[in-house]
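I have placed the structure first, in the form of structure tokens, so that the comments after it can refer back to it.
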């Protein structure tokens with residue numbers, strides 16, 4: 171495969187404000203949903219619907235929105251690496267894929283009911299805190315520079331392997347660490363890997379990517395139990411990649427008005443297809459149903475369309491962007507900070523949120539306060555050059 175061929179999509183190397191804003195808003199929404207998960211009295215539109223409800227809430231569209239953003243990042247990211255050759259590109263994809271799987275599995279292994287505390291040589295909070303240290307040693311950097319030197323990264327790998335070795339689960343404490351479910355980051359990893367392979371195999375050609383979406387949808391519908399959940403998530407990632415090309419591929423001789431019209435048509439087709447499939451495949455985030463996939467993809471296209479019109483076309487500002495910009499620049503750090511805080515607080519004899527702040531409006535406000543603290547912390551760490559990238 172000639173990776174230097176002009177037949178590949180051509181995208182500008184400039185950062186797109188609308189993409190950054192959508193990424194930041196999605197991460198913020200994800201943190202809030204996680205904080206409100208254990209709060210009683212939260213309105214249904216802020217909570218996940220049951221698996222068989224044939225409905226979805228704001229909480230149910232946050233994860234697919236992030237998958238969509240992952241898809242939008244694929245064309246420019248792969249374009250930047252194409253000159254290095256196919257082996258380098260595939261190697262980078264494989265390492266990111268593996269890294270996300272490792273992060274997902276280790277984070278899930280700290281969930282209540284998954285571990286046997288009595289059979290482990292350290293508390294699960296200490297185990298989780300050391301996991302965060304390992305994550306940073308392997309994938310972090312300081313002073314805004316490159317990843318840490320190889321001895322530190324090797325130490326991080328050794329630490330994570332050691333933590334995986336001492337982990338125990340099961341009623342008798344005899345189970346070893348294994349994927350119970352892949353976790354949010356692991357699911358993103360599978361979807362990212364599948365979508366990247368499809369993008370590379372099809373050379374980023376728009377029409378072929380649309381056909382690939384159809385193939386992946388058929389996979390989800392016709393092959394239950396054969397990675398159909400990963401297929402569902404990969405379809406959303408591919409929808410993000412298609413949207414990126416519709417708006418920004420300079421190889422497409424299209425006016426801005428035409429690009430915007432095609433994006434609206436893309437969203438409309440997915441929404442109509444979701445409506446047609448809904449009687450046979452009711453809306454369900456838990457089951458990653460075809461109707462849920464397509465509705466969420468359509469909504470993500472419309473959300474980006476609106477942000478693009480406001481920020482990139484009309485050149486309007488984004489209120490509060492100085493607080494959101496660090497989130498857009500450091501999505502993984504932002505996502506992992508609450509996990510690290512939750513691990514460290516019990517080791518210090520503290521707890522968040524207190525029981526008194528887990529009910530109704532007070533619980534919702536407590537989640538917002540915690541979010542502001544995380545945003546401040548990300549801003550401080552980012553300003554000091556702390557980075558975390560898989």
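Numbering (our numbering), first residue to last: 171 to 560. All C-beta atoms in this analysis are idealised placements derived from N, C-alpha and C, irrespective of residue type, glycine included.
Thinking C-alpha only, which one of 312, 307, 332 is nearest residue 320? Within the chain shown, residue 320 is the residue found at index 150, counting from 1. Closest by alpha carbon: 307.
What residue range does the alpha helix (DSSP H) around residue 423 cover? For the purposes of this step, residue 423 is taken as the residue at position 253 of the chain shown. Premise fails: residue 423 is in no alpha helix (DSSP H) and is neither H nor E.
Check whether the region 240-250 touches the region 175-195, counting contact only when three or more Cβ pairs, one atom from each stretch, lie closer than 8 Å. yes
Taking the CB atoms as reference points, tell me whether residue 267 and residue 418 lie closer together than 8 Å. The residue given as residue 267 occupies position 97 in the chain shown. The residue given as residue 418 occupies position 248 in the chain shown. Their beta carbons are not under 8 Å apart, which means residue 267 does not touch residue 418 by this criterion.
If residue 387 sits next to residue 460, beta carbons under 8 Å apart, how far is it from one beta carbon to the other, in whole angstroms? Position 217 of the chain shown holds residue 387. Position 290 of the chain shown holds residue 460. At roughly 6 Å, the Cβ-Cβ gap stays under 8 Å, so residue 387 and residue 460 are in contact.
Between residue 270 and residue 358, is the Cβ-Cβ spacing less than 8 Å? For this step, residue 270 is matched to residue 100 along the chain shown. For this step, residue 358 is matched to residue 188 along the chain shown. Yes, they are a contact pair.
Excluding the five sequence neighbours on either side, which residues of its own chain have a C-beta within less than 6 Å of the C-beta of residue 412, listed in chain order? Indexing the chain shown from 1 puts residue 412 at position 242. Cβ within range, chain order: 379.
With DSSP run on the structure shown, which of helix, strand or coil describes residue 339? What you label residue 339 is simply residue 169 of the chain shown in a count that begins at 1. Strand.
Label residue 190 either buried or exposed according to how many other C-beta atoms from any shown protein chain fall within 10 Å of its C-beta, with 16 as the threshold for buried. Residue mapping note: residue 190 aligns to position 20 of the chain shown, counting from 1. When all chains shown are included, residue 190 counts as buried.
Under 8 Å between the Cβ atoms of residue 508 and residue 201? Stepping through the chain shown from its first residue, residue 508 is reached at position 338. Stepping through the chain shown from its first residue, residue 201 is reached at position 31. Against a cut-off of 8 Å, the Cβ pair of residue 201 and residue 508 comes out as a contact.
So what does DSSP say about residue 367, is it helix, strand or coil? Within the chain shown, the letter at position 197 stands for residue 367. Of the three classes helix, strand and coil, the one that applies to residue 367 here is helix, per DSSP.
Any alpha helix (DSSP H) of 4 or more consecutive residues that is wholly inside the region 380-434: 398-418
Distance between residue 215 and residue 328 (C-alpha atoms, nearest Å): Mapped onto the chain shown, residue 328 falls at position 158. Mapped onto the chain shown, residue 215 falls at position 45. If you take the alpha carbons of residue 328 and residue 215, they lie about 43 Å apart.
Does the beta-carbon of residue 205 have 16 or more other beta-carbons within 10 angstroms, so that it is buried, or is it exposed? The residue given as residue 205 occupies position 35 in the chain shown. Buried.
What alpha helix (DSSP H) runs, 4 residues minimum, are completely inside the region 304-350? 320-336
From residue 541 to residue 198, what distance separates their C-alpha atoms? Walking along the chain shown from the start, residue 541 turns up at place 371. Walking along the chain shown from the start, residue 198 turns up at place 28. Whole-angstrom Cα-Cα distance: 8 Å.
Who are residue 529's beta bridge partners in DSSP? If you number the chain shown from 1, residue 529 lands on position 359. BP columns for residue 529 point to 210.
Considering just the uninterrupted stretch of the alpha helix (DSSP H) at residue 453, what are its terminal residues? Residue 453 sits at position 283 when you count from the first residue of the chain shown. First-last for residue 453: undefined, no H or E at that position.
Between the CA atoms of residue 324 and residue 285 - distance to the nearest angstrom: Taking the first residue of the chain shown as 1, we reach residue 285 at position 115. Taking the first residue of the chain shown as 1, we reach residue 324 at position 154. Rounded to whole angstroms, residue 285 to residue 324 spans 26 Å at the Cα level.
Go ahead and pull the three-state DSSP assignment for residue 252. Along the chain shown, read from residue 1 onward, the residue named residue 252 stands at position 82. Of the three classes helix, strand and coil, the one that applies to residue 252 here is helix, per DSSP.
In angstroms with no decimal places, state the Cα-to-Cα distance between residue 258 and residue 520. The residue given as residue 258 occupies position 88 in the chain shown. The residue given as residue 520 occupies position 350 in the chain shown. Their backbone Cα atoms lie some 46 Å apart in a straight line.
Counting only the same chain and skipping the five closest in sequence on each side, list residues whose C-beta sits under 6 Å from that of residue 236. Taking the chain shown and counting its residues from 1, the one referred to as residue 236 is at position 66. The answer, listed in chain order, is 196.
Examine the Cβ distances between the region 425-441 and the region 471-479 and report whether three or more of them are shorter than 8 Å. yes
Nearest-angstrom beta carbon gap, residue 242 and residue 410 [assumed within contact, 8 Å]: Residue 410 sits at position 240 when you count from the first residue of the chain shown. Residue 242 sits at position 72 when you count from the first residue of the chain shown. Rounded, the Cβ-Cβ distance is 4 Å, consistent with contact.
Determine the contact status of residue 304 and residue 333, defining contact as a CB-CB distance below 8 Å. Stepping through the chain shown from its first residue, residue 304 is reached at position 134. Stepping through the chain shown from its first residue, residue 333 is reached at position 163. The answer is yes: Cβ separation under 8 Å.
Run through DSSP, which three-state label would residue 266 get? Position 96 of the chain shown holds residue 266. Reduced to three states, the DSSP call for residue 266 is helix.
Start and end of the alpha helix (DSSP H) containing residue 508? For the purposes of this step, residue 508 is taken as the residue at position 338 of the chain shown. Note, residue 508: alpha helix (DSSP H), 501-517.
Answer yes if the region 279-299 comes into contact with the region 491-499, meaning at least three C-beta pairs across the two stretches below 8 Å, and no otherwise. no
Could you say which of 516, 552, 526 lies nearest to residue 493 if we only look at CA atoms? Sequence index remark: in the chain shown, residue 493 carries index 323 (1-based). Of the listed residues, the one whose Cα sits closest to residue 493 is 552.
Distance, residue 335 Cα to residue 143 Cα: Residue coverage of the chain in this structure runs from 171 to 560, which leaves residue 143 outside it and unanswerable.
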